[in-house]
Amino acid sequence: MFERIAGLRDNLRLTLVLVEQNIRKALGVGDDAYVLIGGRLAFRGKTQELLEHESFEKLCMGIR
Numbered sequence: 161m162f163e164r165i166a167g168l169r170d171n172l173r174l175t176l177v178l179v180e181q182n183i184r185k186a187l188g189v190g191d192d193a194y195v196l197i198g199g200r201l202a203f204r205g206k207t208q209e210l211l212e213h214e215s216f217e218k219l220c221m222g223i224r
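One rule links them: number in our numbering = place in the sequence shown (from 1) + 160.
This is the structure:
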């Protein structure tokens, strides 16, 4: 499914909003990332920034 999403993004130049619990897979097809914890924005930035964030694991687990 993620390959199809990436294909739509690349071939049709679409902007997509992906809501996914598997953060590593989602980051593989996204350019920007938003992480919500308890309904509040905990992170907003480029996917690479999130991967390199010092609290990445905590953000993935929903811990501030």
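No residue lacks a Cβ here, since even glycine has one placed at the ideal position from N, Cα and C.
Taking the alpha-carbon of residue i as reference, which of the options has the nearest alpha-carbon?
i	options	result
residue 211	183, 162, 177, 202	183
residue 198	161, 188, 169, 222	222
Using only the alpha-carbon positions, how far apart do residue i and residue j sit?
i	j	result
residue 163	residue 204	24 Å
residue 165	residue 180	12 Å
residue 213	residue 206	11 Å
residue 169	residue 200	27 Å
With a Cβ-Cβ cutoff of 9 Å, do residue i and residue j count as a contact?
i	j	result
residue 217	residue 193	no
residue 202	residue 187	no
residue 178	residue 190	yes
DSSP has residue i in a bridge; who is on the other side?
i	result
residue 169	For residue 169, which the question treats as bridged, DSSP gives no partner whatsoever.
residue 193	205
residue 164	Paired residue(s): none; residue 164 is not in a bridge.
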